[in-house]
Amino acid sequence: MSAHSHPGVLPPHPESATLEGRNKLMGFWLFLGGESVLFGCLFATFLGLRGHSDDLLAKNPAEFFDLTTVAWSTVILLVSSLTSVLAILGMHKRNTKQIYLWFTVTVLLGLSFLGLEIMEFSNYTNHDSFHFTQTAYASSFYTLVGFHGAHVLFGTLWISLLLLQLTRKGLTVVTAPKLYVAALYWHFVDLVWVFIFTVVYLMGKVA
Amino acid sequence: MAGAVKRYSGLMDWLTTVDHKKIGILYLISAGIFFLFGGVEALLIRLQLFFPEQNLFGENTAEIFNQLITMHGTTMIFFAAMPLIFALMNAIVPLQIGARDVAFPYVNALSFWLFLFGGVLLNTSYLLGGAPDAGWTAYAALSTKAYSGSGVDFYVLGLQIAGLGTLIGGINFLVTIINMRAPGMTFMRMPLFTWASFVTSALVLFAFPAITVALVLLMFDRLFNAQFFEVAGGGNVVLWEHIFWIFGHPEVYILILPAFGIISEVLSTFSHKRLFGYGTMVFATALIGFLGFMVWVHHMFTVGLGPIANAIFAIATMLIAVPTGIKIFNWLLTMWGGHIRFTAASLYAIGFIPTFVIGGMTGIMLTLPPADFQFQDSYFVVAHFHYTIVGGLIFGMFSGMYYWWPKMFGRMLNETMGKISFWFFFVGFHMTFFIQHWLGLDGMPRRVYTYLAGQGFEKGNFISTIGAMLMGVSIIVMMINIIVTQMKKADAPADPWDGRTLEWAISSPAPEYNFAQLPRVRGLDALWIEKMAGNKGMIPAEPLAEIHMPSPSIMPFVKALGLFIAGYGFMFNGNTKATSLPVVGFVFEHYILAAAGVAVFLFGMFLRSVYDDQGFHIPIEEIHVDQEENA
């Protein structure tokens, strides 16, 4: 059961070299399964409530949704998925520098995404009087997109913490699974955004 | 480094334990206490309905009745039945697959403490402005701010905290069963209880996020003025019903499948026969779990979704009768020609079969939408789900409790008292609920606090209340049995029932590390195979070596406590009761308490991430001492 690590000799797939590591990977995949149901229910809520409160809004969201900003957010988040892959490739090459570099870029991209989202939300509330408590559509919009935003925030904090640990502990069979599942998490959060971009914004524009 | 870890004793041992067997005992004790709460609530409900037009609780009888039925349902489902299942899963599953612990022992402790604090939070509502009163299903709009008291806030936050614990518990058992099986323990050699726990955990994983969302929406509506269920704001009350039942229907299979597993183990052991149709049993369990996700609309036939939707969901529901029927026949054929021993455990298992068949039959009746329009919201429904949940789940859990008590506590429960308790429970149960089928068919509505004289409901209600009292007697006998047993010396043999599965291969109670050497499994009913081959025990799959164990930790307790405190912080925001003092008012209004509680939880996660648990090793000498003591 124990994680016997021999310094300097890291196996090719350090994330699944120990039972603990394999448990962590398996558990995290399952957790993402549960998260899918969670976001699925939030999407269902959003789709179910959309169109029931149009006349209650001051302006139709289709008029003020800022697709340019959202498109940039999408590009940023998708690129951050790529950079997290580069970090994991670095891990498999036992290249700690590459992990630092690409995960730092990932975190920075995540933070820029959050910045754009905060800017977007404050525009909606300040200029378009589109508030959380206004209608069921607004509540479900902010809940769905906000839940995703909270996931991005958690991801940036988590990956930053793991990078600090990497400095102290180095790349071992204990730290490798953590980095690996954090990258999995990041992909999942990006994937959810693809659906939000499509279902909320693109379909919202044409509706 | 390893070895320097402090091993606590006494109370600190229980607060810091990450041992699945101790966590199982903690689950069992808490479930027992909540079960008594729910039982007292049930008796009060029945006493109020003893005679027509009573006002047992004075002027506010109707209000208090609403609180009692809500708390009875919520407590029994989430805080008695669920933890009973997790108690037995914790105590037994790792032993049955030949593992030393679950995959994530620390997370396992966190699961327990989250469940416990969620339950405590819910029950403090009695003291803080009234219990929830919108029914255990908390249908909107009844559960929105306009139509219910502050009790529903306790419902929302209590269930959210406990649900989080259940969700991570489900993940834990899935990983444990997939990754931690002993050498040779293939999937198709796993005992049926482990299989049932596996499928149940999968259902937990995919069902609980749905109620998480439902509770989040309701919480946002109640605390932050969102509009999800406010029709005037474009909200939709049927949305709650959909999400609740997308969770709620799998939840009833989460409850019943482990009972199916226990019945399979107990009937096979006490019939001295291998389980009939093992493969079909596994298949039926998985199929029930799968179909359980596509039948939720049968709770909503009268909502008006249209004949097509109703027909599709009616047919999907009827399909579930097929795998369930397979199970019933397999159990009967397991007993057929067997050398049956009538112990308390096997009596509950045998009593389960006809009782659950009645519950299943009324289930098929309710499946027919035209008939359901007549049955819905009547005592017929109450009778049906008590036949499946008490007659199914509770009979199964009690059977498992008598069966595994020696393995959990090292003591044998008294058989005579167990049998007395069984007969009181069996007769009392059928007296309480059988008559309710007719009360329902005669038109008595559920969830109404009283009834008029002269409408033909007197006799039925009278009999039903007497039956409930008999069940109360049974529980008192059972409690005396437990107390008397626990005062005796722990001298249960390792294998008191001539068992067939791995848990009976090790001492009662199991040592901290379960298996000194992991066993090599050579087939289904692993221990039985070795017995038949003339071996004294399991053949070890590894040499005797020191055993690595995870360290105990107080953090799971602290983290759950953090969320518990945050719950009050969220709830009392802007509530006049909490704002009589200026400082307290400031703290609540600005979510300072809520933020502090959540911060404790997040800080706990931070510590867990930064400090790696090195664990400790149990030396070979200690294992030798244990083995000599049990020799």
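Quick note, the sequences are listed as chains A and B, same order. For the first sequence, position 196 matches number 196 in the working numbering, and the numbering has no gaps at all. Add 1000 to the 1-based position in the second sequence for the working numbering, that's all there is to it. All C-beta atoms, glycine included, are put in the ideal place defined by N, C-alpha and C. No experiment lies behind these values; they were computed from the predicted model shown.
Quiz prompt | Best match in A:E15, A:P12, A:R22, A:L89 for proximity to L1174 (chain B) [C-alpha to C-alpha] | solution = A:R22
Quiz item: In chain A, which residues lie with their C-beta within 9 Å of the C-beta of V1610 (chain B)?
Solution: L161, L164, Q165, R168
Self-check item: Beta carbon proximity, A150 (chain A) to chain B, threshold 8 Å
Solution: no
Quiz prompt | C-beta contact flag for L1142 (chain B) and S1150 (chain B) at 8 Å | solution = no
Quiz prompt | Per DSSP, cross-strand counterpart(s) of P1052 (chain B) | solution = P1052 (chain B) is not bridged to any residue.
Quiz item: Quick one: is M203 (chain A) near chain C, going by C-beta distance under 8 Å?
Solution: The displayed structure is made up of protein chains A and B, and chain C is not among them.
Quiz prompt | 8 Å Cβ cutoff, D1019 (chain B) in contact with chain A | solution = no
Quiz item: In the structure shown, what three-state DSSP assignment does M1549 (chain B) receive?
Solution: It is a strand residue.
Quiz item: Nearest-angstrom Cα distance between S1508 (chain B) and N1573 (chain B)?
Solution: Using only the alpha carbons, I get a separation of about 50 Å.
Quiz item: So, is F1429 (chain B) buried or exposed, given that buried needs 16 or more other C-beta atoms within 10 angstroms?
Solution: Flag for F1429 (chain B) reads buried.
Quiz item: So, is K1488 (chain B) buried or exposed, given that buried needs 16 or more other C-beta atoms within 10 angstroms?
Solution: exposed
Quiz item: So is L10 (chain A) in contact with chain B if we call contact Cβ pairs under 8 Å?
Solution: no
Practice problem: Could you tell me whether the Cβ atoms of Q1517 (chain B) and L1561 (chain B) are closer together than 8 Å? | Solution: no
Quiz item: Touch check for the stretch 1392-1402 of chain B and the stretch 1363-1372 of chain B: three-plus C-beta pairs under 8 Å?
Solution: no
Quiz item: Of all the options B:P1183, B:D1221, B:G1184, B:I1097, which has the alpha carbon lying nearest to the alpha carbon of T1176 (chain B)?
Solution: Nearest C-alpha to T1176 (chain B): B:I1097.
Quiz item: Is the stretch 37-52 of chain A touching the stretch 1205-1221 of chain B, taking contact as three or more C-beta pairs under 8 Å?
Solution: A contact between stretches requires three or more CB pairs, one per stretch, nearer than 8 Å, and the stretch 37-52 of chain A meets this requirement with the stretch 1205-1221 of chain B.
Quiz item: What is the rounded straight-line gap between the Cα of L1116 (chain B) and the Cα of A1162 (chain B)?
Solution: 7 Å
Quiz prompt | Coarse secondary structure for R1520 (chain B), derived from DSSP in three states | solution = If DSSP states are grouped into helix, strand and coil, R1520 (chain B) belongs with the strands.
Exercise. Return yes when the Cβ of P1250 (chain B) is within less than 8 Å of the Cβ of L1319 (chain B), no when it is not.
Key: no
Quiz prompt | As assigned by DSSP and simplified to three states, the class of F1616 (chain B) | solution = Three-state DSSP puts F1616 (chain B) in a strand.
Exercise. Check whether the Cβ atoms of M1089 (chain B) and E1041 (chain B) lie closer than 8 Å to each other.
Key: no
Practice problem: Closer than 7 Å by C-beta to A17 (chain A): which residues in its own chain qualify, once you throw out the five before and the five after it? Chain order, please. | Solution: P11, V173
Practice problem: Check the Cβ of T1144 (chain B) against every Cβ in chain A and list those closer than 8 Å, keeping chain order. | Solution: Within chain A, no residue comes near T1144 (chain B); the closest Cβ sits about 12 Å away, beyond 8 Å.
Quiz item: What are the boundary residues of the alpha helix (DSSP H) that includes R1222 (chain B)?
Solution: 1192-1224
Exercise. Note down, in chain order, every chain B residue with its Cβ under 8 Å from the Cβ of R94 (chain A).
Key: Within chain B, no residue comes near R94 (chain A); the closest Cβ sits about 20 Å away, beyond 8 Å.
Quiz prompt | Reduced DSSP secondary structure (H/G/I, E/B, other) of I1539 (chain B) | solution = strand
Practice problem: Answer with yes or no whether the minimum CB distance from E1622 (chain B) to chain A is below 8 Å. | Solution: No Cβ of chain A is located within less than 8 Å of the beta carbon of E1622 (chain B).
Quiz prompt | Cβ of Q1517 (chain B) within 8 Å of any chain A Cβ | solution = no
Quiz item: So, is the C-beta of T125 (chain A) closer than 8 Å to a C-beta in chain B?
Solution: no
Quiz item: Mind pulling the chain B residues with CB within less than 9 Å of V194 (chain A)?
Solution: What V194 (chain A) touches in chain B: nothing, since even the nearest Cβ is about 20 Å away.
Exercise. Rounded to whole angstroms, what's the CA-CA distance from A1284 (chain B) to R1608 (chain B)? Just pull it up for me.
Key: Approximately 40 Å between the Cα atoms of the pair.
Quiz item: What does E1542 (chain B) reach in chain A if we use C-beta pairs closer than 8 Å?
Solution: By Cβ distance, chain A contributes nothing, its closest Cβ being about 11 Å from E1542 (chain B), past 8 Å.
Quiz item: Buried or exposed: where does W1404 (chain B) fall if 16 or more other Cβ atoms within 10 Å of its Cβ makes it buried?
Solution: buried
Quiz item: Hey, out of A:V206, A:A87, A:N123, whose CA is closest to V107 (chain A)'s CA?
Solution: Answer by Cα proximity: A:A87.
Self-check item: Beta-carbon spacing of L1036 (chain B), A1468 (chain B) below 8 Å
Solution: no
Quiz item: For the stretch 1266-1286 of chain B against the stretch 1222-1238 of chain B, are there 3 or more C-beta pairs whose distance is under 8 Å?
Solution: no
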